[in-house]
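For the sequence shown, the residue numbers in the working numbering are 83 to 191. Think of the CB as a built atom: it goes at the ideal place given N, C-alpha and C, for glycine as much as any other residue. Everything numeric in this text was worked out from a predicted model, so none of it was measured.
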Amino acid sequence: VLRSDALVFFNSSLNDPEDTQEFLAQRAWAELDGLGMLCSPAAHSLLCHLSFQDCNPSDLGPSPKPVCREHCLAVKELYCHREWLLMQRVTMTKEGSTKDQSTSPALVS
């Protein structure tokens with residue numbers, strides 16, 4: 083659930099960015115429902131953050147705020163250890179697939 087003042091980045095290079103990102107997220111969402119009790123909520127959260135990234139407004143224009151490496155690693159190592167390989171295989175075949183979490187920025191305190 084987004085805060086009322088939250089800004090979400092939409093890829094304006096798509097013909098219909100809002101509907102396209104929503105469609106891709108919904109398509110992947112149903113596939114995550116069958117995951118384990120600990121994994122499913124964590125995977126859904128990660129999908130939301132990847133599909134609808136926070137927007138960083140700046141003087142240069144809006145840009146997506148990347149998902150932190152720690153968020154990806156927590157899902158992979160803590161919540162979805164067994165499911166991660168299957169989940170990664172499925173998402174890599176989908177448009178808008180997840181990238182390697184090791185290239186994501188680290189969480190800054």
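Pick from S122, K147 and Y161 that is closest to H131, judged by C-alpha positions: K147
Candidates G143, W111 and A107: closest to S94 by CA position: G143
For S191, the three-state DSSP class (helix, strand or coil): Reliability of the predicted coordinates at S191 is poor, the pLDDT of 46 falling under 50, and the value obtained from them is presented with this limitation in mind. Coil.
Distance between beta carbons of L129 and A107, contact taken as under 8 Å: 6 Å
Simplified DSSP state of E177, which is helix, strand or coil: Because the pLDDT at E177 is just 47, under 50, the model does not fix this residue reliably, and the point stays unresolved.
Outcome for E100 when other beta-carbon atoms lying within 10 angstroms are tallied against a minimum of 16: exposed
Under the three-state DSSP convention, the category D98 falls into: coil
Test item: CB-CB of V90 and F134 under 8 Å: yes
Where the alpha helix (DSSP H) containing A125 begins and where it ends: C121 to S133
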